[in-house]
Amino acid sequence: MTITNFSPIHLSQNVQGLQRAPIGQSNTDPVRQTAPQKDTVSFSEESLRLSDAATTDGGSTKIRFDLVNRVRAEIAAGTYDTADKMDIAIERMASRIF
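Residues -5 to 92 in the numbering used here are what the sequence shown lists, from first letter to last.
What follows is the structure, given as structure tokens:
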């Protein structure tokens, strides 16, 4: 993601040396007058591809939040990793190596 023309807000500024314009006159200093800038945001091709991968053609999400929440709860409770799951993972890894 790229953000351009971003101007941060300064919480404090040095006001020493500033002068007020006399009443009835406007400050026409060309240095201080600038054209308004618009912020723009652009996303990388990879981020757009990942965003598309997470949604279906109908616009709904492919993420199964019920499954994600269940797995998170099991990990937090320490019950997600079991001996059976480890055996399966080791067998799959060994089959890829050998």
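Backbone N, C-alpha and C fix where the C-beta goes; we use that ideal spot for every residue, glycine too.
These figures come from a predicted structure and were not determined experimentally.
In the DSSP assignment, residue 45 falls outside any beta strand (DSSP E) and within the unbroken alpha helix (DSSP H) covering 39 to 47. Secondary structure at residue 89: helix, using DSSP grouped into helix, strand and coil. In this structure, the CA atom of residue 55 is about 6 angstroms from the CA atom of residue 48. For residue 62, DSSP assigns no beta-bridge partner whatsoever.
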